[in-house]
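Each remark here refers to the structure printed beneath this line.
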Amino acid sequence: MLKHSGAFSSFSVNDLQQAKQFYQDKVGLEVSETPEGLELQVNGGNKIFLYPKPDHEPATFTVLNFIVDNVDDAVEQLTQKGIRFQHYEGEIGTDEKGIFRDKERGMAIAWFTDPSGNILSVLHG
1 MLKHSGAFSS
11 FSVNDLQQAK
21 QFYQDKVGLE
31 VSETPEGLEL
41 QVNGGNKIFL
51 YPKPDHEPAT
61 FTVLNFIVDN
71 VDDAVEQLTQ
81 KGIRFQHYEG
91 EIGTDEKGIF
101 RDKERGMAIA
111 WFTDPSGNIL
121 SVLHG
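Reminder that position 57 of the sequence shown reads as 57 in full-length UniProt numbering, one-by-one numbering, no gaps.
What follows is the structure, given as structure tokens:
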């Protein structure tokens with residue numbers, strides 16, 4: 001029934017202007033303002049909707065993943081724009097750059113947050 005319908009993802013932020021500046025200037029996405037919030041345009045025609053929520057509490061999981069050709073390059077470019085990457089220990093322990101590497105599966109992923117505390121990632125695709 002729904003396989004032919006359109007779909008989009010959405011999540012809340014506590015400050016639309018901060019979010020607009022972050023996603024546009026630091027992440028480099030095309031951002032459009034709507035009466036209800038912000039629309040992020042990502043590669044492939046996908047859209048993500050951000051809406052304001054005064055009592056916003058960020059999720060404890062990753063809400064948006066960006067697939068990149070090279071995680072190291074993406075981390076370096078985003079770090080130069082002032083983005084700080086999360087560092088984890090244990091099973092998903094990250095290196096000094098904040099990158100988790102699983103060499104057996106050829107996987108690399110690094111997590112960061114937006115100004116509202118939402119968890120985002122760049123991962124090798």
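All residues carry an ideal CB built from backbone N, CA and C; glycine is no exception.
Q | Same chain only: Cβ atoms within 8 Å of Ser116, ignoring 5 sequence neighbours per side | A | Ser12, Val13, Asn14, Asp15, Gln18, Ala19, His56 and Pro58
Q. Under the DSSP definition of a beta bridge, which residues are partnered with Val8?
A. Residue identity differs from the one stated: residue 8 is Phe in this sequence, not Val. Note: Phe8 sits in no beta bridge, so no partner.
Q. Ordered along the chain, which non-local residues of its own chain (more than five positions away) have a Cβ less than 7 Å from that of Lys47?
A. Phe8, Glu39, Leu40 and Gln41
Q. Taking the C-alpha atoms as reference points, what is the distance between Lys53 and Phe61?
A. 18 Å
Q) Is the Cβ-Cβ distance between Lys26 and Gly82 less than 8 Å? A) yes
(Q) Based on DSSP bridge pairs, tell me the residues matched to Ala110. (A) Ile99 and Val122
Q: Just tell me which of Ile99, Asn118 and Gly28 has its CA closest to the CA of His87.
A: Ile99
Q. Given that a residue counts as buried once 16 or more other Cβ atoms are within 10 Å of its Cβ, and exposed if not, what is Ser32?
A. exposed
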